[in-house]
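First to last, the sequence lines map onto chains P and Z.
For what it's worth, the working numbering labels the leading residue of the first sequence as 2, then goes sequentially.
For what it's worth, the working numbering labels the leading residue of the second sequence as 2, then goes sequentially.
Here a beta-carbon is modelled for each residue, glycine too, at the ideal position from N, C-alpha and C.
2 protein chains.
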Amino acid sequence: MFKFIKEDKKSKARLGKIITAHGEVDTPNFMPVGTAGTVKALTSDEITLAKTQIILSNAYHLLLRPGAEIIKQAGGLHSFMNWHGPILTDSGGFQVFSLAQLRKIKDDGVEFQSHIDGSKHFITPESMIEFQQILGSDIMMVLDECVPYPAQYDYVKRSLKLTTNWAKRSKALAIRDHQQLFGIVQGGMYLDLRKKAVEQLVEIGFDGYALGGLSVGEPRELMYAIVESTIPMLPKEKTHYLMGVGTIVDILESVERGVDIFDCVVPTRNGRNGVAFTTRGKMQIRNARYKNENLPIDKECTCSCCKGYTRSYIHHLFKANEILGLRLLSLHNITFYAKLMQNIRLSITEDRFLEFKREFLGKYNM
Amino acid sequence: MFKFIKEDKKSKARLGKIITAHGEVDTPNFMPVGTAGTVKALTSDEITLAKTQIILSNAYHLLLRPGAEIIKQAGGLHSFMNWHGPILTDSGGFQVFSLAQLRKIKDDGVEFQSHIDGSKHFITPESMIEFQQILGSDIMMVLDECVPYPAQYDYVKRSLKLTTNWAKRSKALAIRDHQQLFGIVQGGMYLDLRKKAVEQLVEIGFDGYALGGLSVGEPRELMYAIVESTIPMLPKEKTHYLMGVGTIVDILESVERGVDIFDCVVPTRNGRNGVAFTTRGKMQIRNARYKNENLPIDKECTCSCCKGYTRSYIHHLFKANEILGLRLLSLHNITFYAKLMQNIRLSITEDRFLEFKREFLGKYNM
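Written as structure tokens, this is what we have:
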């Protein structure tokens, strides 16, 4: 259930709350990604300490490994991975896009060849709902086709027909009360198709609506334009989710346009690659300038990385390929993202989101 | 300073305490290895939670990377790595053995070619003390030649002469009160040379005595024989340290023969390779039998790995090459080792070390 709280006076930024069986999620918010049932390199305790309120995991990956039986026996994904906060599971639509060489789309569903062992799997809208019921995720996503960029109008139109049909079939399954189901708005870069997608999905009726098929290689301004036009068509009293986004700038731009939740591998993947987020921009800790700096990554940060360790030490850890380095930066980065979202919410509460954004980006891009 | 507390009534197992500037170490005890200034994959908080009382780090590795200047500017190794408990630093003697292709031993010291960047380094007994003073380790080791196994008598005899000479030169440097200096007993597998080594070192006078050059490929029984003969020659009121050991069995056998402290990569390296220690023996978590087991690694263990995660989940993490898996097992294994040492100490307190050992190994080897 989504509870709309208020809109910023000077923008479309919204304050809200998603209420799930495993806790509440204040929005706008960001979901770190735990593809394989683990937010890479971090424990669930650390995710909690970072003040992360919700994580995303990938039903498609979990279906291939460890598979339904193992997670069922563990009592669902929450107990399997020892994370007892809210979980949203993606359904595989993104893998239809990202693993395009390994799949064939049919009317019924998608035939995948496993990237792990080459085995064949046929997934359908129904089978993905059933699997997400086994996972017990708090928010399930429908199976869709995430279309690539660029794509011809006719292709996107045909694809949308399939996606809408699959959304209908997903919704038709009996959904238990404690799990929400979100529809996914596709339509490529064509505004009329996006509009059509919204109308059809709203008619079917979902607990939330995601914008899919963005941040797939299109120019940033085009993405903002799609977000700006599509979000206002969505029901105000439902969660607005922008999938696979994103960077700090994209989040701020999209919050301004009315998006409630985001997910992306950016903070964790960057952390593993030696990049730390700070209020003054990104820091590549391998850079020689940090070799001697006895300062925390970000002196304004309260995470245990910044409380205990210096840039000089973390630089050393990355130079020596020590696992602790990427652990510390992963933790720092998800803490940074959670804090950013908290500050965004505070600014909306106080009707100063645009000032916050300007000030934040002013320092960040310095 | 070492405080001898008592000897077990039925064996040579001893209870003691090493008092250092960064805290006390109850003996017998085990030091996890943090070669590059990090106990691999773990934070210093976790090391503390595991009830580890002292860690080992390698002066040789730290000299090459990050180098003296960086650690000096950080205020020493403790603050550099954010571990504020006792640290023992090895001096490079083991690298004389393990990196034999990359070094030339001379009377003055050892010429090394860096395994990292090929650069040339000449280390001397004096330079290694000076560097360990920069590190600020609580226990410094003298530079020695760790001789390989097998080695001819004449070679070991000549080598011992060098090692003794280096020990003298190390001791001759002004040593500050807050840092202890340990000598290293070499002599290969020749008891008369071991005896000679002890006599010469005791004459020089050190805060503790290590047995070096063991666990280098010789049969286990031969190692026990050397330990059994050599340890009683050492001053009772000084720490007895068996370098590079070891396995659970080797630790128990050596405690029985009067050893106080140990170091080894066994718990952490095994953890990274998917092997967990339990009271019922080693467990290779990748084994298919654990795929479905919704049990902790070791139900008697109180570490956060065993409190929060199942065998099934950790099996999955290793199958998916997820970093969290090796983190959890590294943490569990050093917790297991710390607990073992605690139980060993308790058994000595109660004069039942041999019963403890028998019972422990009875279950462990089942």
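Original post:
Applying a beta-carbon distance threshold of less than 8 Å, which residues of chain Z neighbour P:Lys-300?
Top reply: In the first sequence, the residue the question calls residue 300 of chain P occupies position 299. Those within 8 Å of P:Lys-300 in chain Z number zero; the least Cβ separation is about 16 Å.
Original post:
Between Z:His-79 and P:Pro-297, what straight-line distance do the alpha-carbon atoms span, to the nearest angstrom?
Top reply: The residue given as residue 79 of chain Z occupies position 78 in the second sequence. The residue given as residue 297 of chain P occupies position 296 in the first sequence. Rounded to whole angstroms, the separation of the alpha carbons of P:Pro-297 and Z:His-79 is 16 Å.
**OP:** Below 7 Å between beta carbons is the criterion; list the residues of the region 208–237 of chain Z that meet it against any residue of chain B, in chain order.
**Re:** In the displayed structure, chain B is absent; the protein chains listed are P and Z.
**OP:** Quick one: list the residues of chain P neighbouring Z:Phe-81, beta-carbon separation under 7 Å, in chain order.
**Re:** If you number the second sequence from 1, residue 81 of chain Z lands on position 80. Contact annotation for Z:Phe-81 against chain P: Tyr-314 [CB-CB distance below 7 Å, chain order].
Original post:
Just to confirm, are P:Phe-31 and P:Phe-263 a CB contact at a threshold of 8 Å?
Top reply: Within the first sequence, residue 31 of chain P is the residue found at index 30, counting from 1. Within the first sequence, residue 263 of chain P is the residue found at index 262, counting from 1. Yes, these two residues count as a Cβ contact at 8 Å.
Subject >> Beta-carbon gap between P:His-23 and P:Leu-65 smaller than 8 Å >> reply: Counting from 1 along the first sequence, the entry for residue 23 of chain P is found at position 22. Counting from 1 along the first sequence, the entry for residue 65 of chain P is found at position 64. With respect to the 8 Å criterion, P:His-23 and P:Leu-65 are not classified as neighbours on the basis of their beta carbons.
**OP:** Sort out for me which residues DSSP pairs Z:Ala-277 with in a bridge.
**Re:** The residue labelled residue 277 of chain Z in the question sits at position 276 within the second sequence. Answer is Z:Met-284, bridged to Z:Ala-277.
**OP:** Determine the direct distance from the alpha carbon of P:Ser-216 to that of P:Glu-112, and round the result to whole angstroms.
**Re:** Here residue 112 of chain P is taken as the residue at index 111 of the first sequence, counted from 1. Here residue 216 of chain P is taken as the residue at index 215 of the first sequence, counted from 1. Distance between the alpha carbons of P:Glu-112 and P:Ser-216: 24 Å.
Original post:
Going along the region 23–42 of chain P in order, which residues come within less than 8 Å of chain Z, judged by CB to CB distance?
Top reply: Cβ contacts with chain Z come from Ala-37, Gly-38, Thr-39, Lys-41 and Ala-42.
Subject >> Pairwise C-alpha distance: Z:Thr-165 and Z:Met-244 >> reply: Working through the second sequence from its first residue, we reach residue 244 of chain Z at position 243. Working through the second sequence from its first residue, we reach residue 165 of chain Z at position 164. Taking the straight line joining both Cα atoms gives about 17 Å.
Subject >> Rounded Cβ spacing between P:Phe-361 and P:Phe-278 (contact assumed at less than 8 Å) >> reply: Residue 361 of chain P sits at position 360 when you count from the first residue of the first sequence. Residue 278 of chain P sits at position 277 when you count from the first residue of the first sequence. No, P:Phe-361 and P:Phe-278 are not in contact; Cβ-Cβ is about 12 Å, not under 8 Å.
Original post:
Could you give the C-beta distance for P:Ile-88 and P:Ser-45, rounded to a whole number, given that I count them as a contact under 8 Å?
Top reply: Here the question's residue 88 of chain P lines up with position 87 in the first sequence. Here the question's residue 45 of chain P lines up with position 44 in the first sequence. Not quite, the Cβ-Cβ distance comes to about 11 Å (not below 8 Å), so this is no contact.
Original post:
Out of curiosity, what's the CA-to-CA distance linking P:Asp-109 and P:Leu-163?
Top reply: As a position in the first sequence, residue 109 of chain P is number 108, starting the count at 1. As a position in the first sequence, residue 163 of chain P is number 162, starting the count at 1. Approximately 9 Å between the Cα atoms of the pair.
Subject >> Simplified DSSP state of P:Ala-321, which is helix, strand or coil >> reply: In the first sequence, residue 321 of chain P corresponds to position 320, counting from 1. DSSP places P:Ala-321 in coil when its eight states are reduced to three.
**OP:** Check whether the Cβ of Z:Gln-74 lies closer than 8 Å to any Cβ atom in chain P.
**Re:** Position 73 of the second sequence holds residue 74 of chain Z. Using beta-carbon distances, Z:Gln-74 counts as an interface residue toward chain P, with a partner under 8 Å.
Original post:
Measuring CB to CB, does P:Ile-252 end up less than 8 Å from P:Thr-53?
Top reply: Along the first sequence, one-based indexing puts residue 252 of chain P at 251. Along the first sequence, one-based indexing puts residue 53 of chain P at 52. Using a Cβ distance threshold of 8 Å, P:Ile-252 and P:Thr-53 do not count as a contacting pair.
Original post:
Is the CB-CB distance between P:Met-142 and P:Ile-185 below 8 Å?
Top reply: The residue given as residue 142 of chain P occupies position 141 in the first sequence. The residue given as residue 185 of chain P occupies position 184 in the first sequence. With contacts defined as CB atoms closer than 8 Å, P:Met-142 and P:Ile-185 qualify as a contacting pair.
Original post:
Going by beta carbon distance, what residues of the same chain come within less than 8 Å of P:Lys-105, once the five residues before and after it are set aside?
Top reply: Taking the first residue of the first sequence as position 1, residue 105 of chain P is located at position 104. Excluding five sequence positions before and after P:Lys-105, the CB atoms of its chain that fall closer than 8 Å to its own CB belong to Val-111 and Glu-112, given in chain order.
Original post:
Taking the C-alpha atoms as reference points, what is the distance between Z:Leu-223 and Z:Asn-293?
Top reply: Within the second sequence, numbered from 1, the residue matching residue 223 of chain Z stands at position 222. Within the second sequence, numbered from 1, the residue matching residue 293 of chain Z stands at position 292. Distance from the CA of Z:Leu-223 to the CA of Z:Asn-293, rounded to the nearest whole angstrom, comes to 42 Å.
Original post:
Could you give the C-beta distance for P:Gly-188 and P:Ala-198, rounded to a whole number, given that I count them as a contact under 8 Å?
Top reply: Here residue 188 of chain P refers to the residue found at position 187 when the first sequence is read from its first residue. Here residue 198 of chain P refers to the residue found at position 197 when the first sequence is read from its first residue. The pair is a contact, with the Cβ atoms about 5 Å apart (cut-off 8 Å).
Subject >> Inter-residue spacing [alpha-carbon to alpha-carbon] between Z:Tyr-61 and Z:Gly-35 >> reply: Residue 61 of chain Z sits at position 60 when you count from the first residue of the second sequence. Residue 35 of chain Z sits at position 34 when you count from the first residue of the second sequence. Going by the C-alpha atoms only, they are around 12 Å apart.
Subject >> Expected contact under 8 Å - CB spacing of P:Pro-29 and P:Ile-232 to nearest Å >> reply: Locating residue 29 of chain P in the first sequence gives position 28, counting from the first residue. Locating residue 232 of chain P in the first sequence gives position 231, counting from the first residue. Incorrect: roughly 12 Å between the Cβ atoms, too far for contact.
Subject >> Where Z:Val-111 falls: helix, strand or coil (DSSP) >> reply: For this step, residue 111 of chain Z is matched to residue 110 along the second sequence. Of the three classes helix, strand and coil, the one that applies to Z:Val-111 here is strand, per DSSP.
Subject >> Exposure of P:Ser-331, with buried meaning 16 or more beta-carbon neighbours within 10 Å >> reply: Position 330 of the first sequence, counted from the start, is the residue given in the question as residue 331 of chain P. It is buried - the Cβ of P:Ser-331 has at least 16 other Cβ atoms within 10 Å.
Subject >> Beta-carbon gap between P:Lys-18 and P:Glu-8 smaller than 8 Å >> reply: Position 17 of the first sequence, counted from the first residue, corresponds to residue 18 of chain P. Position 7 of the first sequence, counted from the first residue, corresponds to residue 8 of chain P. P:Lys-18 places its beta carbon 8 Å or farther from that of P:Glu-8.
Subject >> Residue span of the alpha helix (DSSP H) that contains P:Gly-94, given as start and end >> reply: The residue given as residue 94 of chain P occupies position 93 in the first sequence. Taken as a continuous stretch (DSSP letters only), the alpha helix (DSSP H) holding P:Gly-94 covers 94–99.
**OP:** Report the option in P:Asp-299, P:Gly-94, P:Leu-50 and P:Val-276 whose CA atom is closest to the CA atom of P:Asn-59.
**Re:** In the first sequence, residue 59 of chain P corresponds to position 58, counting from 1. Ranking P:Asp-299, P:Gly-94, P:Leu-50 and P:Val-276 by Cα distance to P:Asn-59 puts P:Gly-94 first.
**OP:** Look at P:Ile-286 and P:Arg-312 and say whether their C-beta atoms are less than 8 Å apart.
**Re:** Working through the first sequence from its first residue, we reach residue 286 of chain P at position 285. Working through the first sequence from its first residue, we reach residue 312 of chain P at position 311. In this structure, P:Arg-312 lies closer than 8 Å to P:Ile-286 by Cβ.
Original post:
For the beta strand (DSSP E) that Z:Tyr-365 lies in, which residues bound it at each end?
Top reply: Within the second sequence, numbered from 1, the residue matching residue 365 of chain Z stands at position 364. Counting along the chain, Z:Tyr-365 falls outside any beta strand (DSSP E), though it belongs to the alpha helix (DSSP H) covering 354–365.
Original post:
From which residue to which residue does the beta strand (DSSP E) around P:Gln-181 run?
Top reply: The residue labelled residue 181 of chain P in the question sits at position 180 within the first sequence. Segment 181–186, the beta strand (DSSP E) holding P:Gln-181.
Subject >> Under 7 Å from the C-beta of Z:Ala-173: neighbouring residues of chain P >> reply: Walking along the second sequence from the start, residue 173 of chain Z turns up at place 172. Going along chain P, no residue has its Cβ under 7 Å from Z:Ala-173, so there is no contact; the nearest lies around 32 Å.
Subject >> Proximal residues to P:Ile-56 (C-beta, below 8 Å), its chain only, five neighbours per side dropped >> reply: For this step, residue 56 of chain P is matched to residue 55 along the first sequence. Result list for P:Ile-56: Met-32, Pro-33, Val-34, Gly-35, Val-40, Ile-48, Trp-84, Gly-86, Pro-87, Ile-88 and Leu-89, in chain order.
Original post:
Quick one: what does DSSP say Z:His-333 is sitting in, helix, strand or coil?
Top reply: The residue you call residue 333 of chain Z lines up with position 332 of the second sequence. Z:His-333: helix per DSSP, three-state reduction.
Original post:
Just how far apart, CA to CA, sit Z:Arg-281 and Z:His-317?
Top reply: Reading the second sequence from its first residue, position 280 is the one you call residue 281 of chain Z. Reading the second sequence from its first residue, position 316 is the one you call residue 317 of chain Z. In this model, Z:Arg-281 and Z:His-317 are separated by some 22 Å (Cα to Cα).
Subject >> Distance, P:Phe-357 Cα to P:Ser-171 Cα >> reply: For the purposes of this step, residue 171 of chain P is identified with residue 170 of the first sequence, where counting begins at 1. For the purposes of this step, residue 357 of chain P is identified with residue 356 of the first sequence, where counting begins at 1. Taking the straight line joining both Cα atoms gives about 40 Å.
Original post:
Can you name the start and end residues of the alpha helix (DSSP H) that Z:Gly-309 belongs to?
Top reply: To locate residue 309 of chain Z, count along the second sequence from 1; it is residue 308. Taken as a continuous stretch (DSSP letters only), the alpha helix (DSSP H) holding Z:Gly-309 covers 305–309.
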